[in-house]
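Below is one structure, written out as structure tokens, with a few remarks after it.
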Amino acid sequence: MNYIEHVHEPRRLLLVWQRSEEDGAARVRRAVAELLRDSAERVQFRYLTDTPDFEAAKSEGFINFVAFRKLHAMYDLGVVETFMRRLPPRSRGDYAQYLEQFRLRPETLISDFALLGYTGAKLPSDGFSILDPLEDVGECCDVLLEVAGFRHVSPVGPQLLYVGEPVSLVIQPDNLHDPMAVAVEIHDQRIGYVPRQQAPAIRDLVATGEVEACIQRINGKPERPLIHLMARIRRRATRPHTPPWALGE
């Protein structure tokens, strides 16, 4: 089993919302809020109002995240603690096994903020999860990526994949739906995509040959298989990088 050897400590995370499967409509992950960590390790939470994703989420039934009800407020108290309650406590007997799902060893040094990004902090009941947009990756880090759209795109079932199988990450500038899309391919067969909010960062790394990936986890339900990749990012040299959120975009 591959483990995370180099942890990515992000400065920004996204709160992503997805409508219920019971609606029967297409389920698109929408970035509705962001968590921002400053140099003093203080974390703020704010909604991404007036963005296309936020407006689309509202039209699909999104109201708010119940702990932070005011859509135009900036929250700075108990933000990380609120989301950490969505993870099992460290005192739980099987906590090491929980971490192993995300290829983290119990002794791995990782902040609570980064842990939210690696685990996703998902609950089965509310459609929310945390996503690391990978905007500020350093020289060396390992991350898990979910293969988006696998059940709709892949010509092969999960039973034909195996853990450790290399995949290709392919930039798709001619994609009519999203020119920033990055496809996941095995033997020239597309099996899905890098999640939309992570695609711009992965696209840049693919263009410079600084990321490799393989199948790392195969689970989920027969009707909704979940495939995760281990992506190892190894920058050839440190380059100045200013993420979009730092520019106010």
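Numbering (numbering that gives the first Met the number 0), first residue to last: 0 to 248. Cβ atoms here follow ideal geometry from the backbone N, Cα and C, with glycine treated the same way. Just so you know, these numbers come straight off a predicted model, no measurement behind them.
With distances taken between CB atoms, is the gap from Leu14 to Glu33 smaller than 8 Å?
-> yes
DSSP state of Ser167, grouped into three classes?
-> strand
Ordered along the chain, which non-local residues of its own chain (more than five positions away) have a Cβ less than 7 Å from that of Glu8?
-> Ser110, Ala113
DSSP state of Tyr161 mapped onto helix, strand, coil | coil
Any chance the region 179–189 sits against the region 126–134, with 3 or more Cβ pairs inside 8 Å?
-> no
Find the nearest neighbour of Ser153 within the set Asp173, Ala182, Pro172, Glu106, judged by alpha-carbon distance.
-> Ala182
Please report the residue range of the beta strand (DSSP E) in which Lys121 lies.
-> First-last for Lys121: undefined, no H or E at that position.
Work out the CA separation of Ile214 and Arg36 for me, nearest whole Å.
-> 30 Å
Three-state secondary structure (DSSP) at Tyr97?
-> helix
Output the boundary residues of the alpha helix (DSSP H) element that contains Val205.
-> 198–206
Hey, out of Leu175, Val169, Gly219, whose CA is closest to Glu211's CA?
-> Val169
When burial is assigned at 16 or more other CB atoms within 10 Å of the CB, is Tyr161 buried or exposed?
-> exposed
Who pairs with His151 in a beta bridge, going by DSSP?
-> His151 pairs with nothing; no bridge assigned.
Rounded straight-line distance, which links the Cα of Arg235 to that of Arg195 | 25 Å
Are there three or more Cβ pairs, one per stretch, closer than 8 Å when the region 83–98 is compared with the region 114–124?
-> yes
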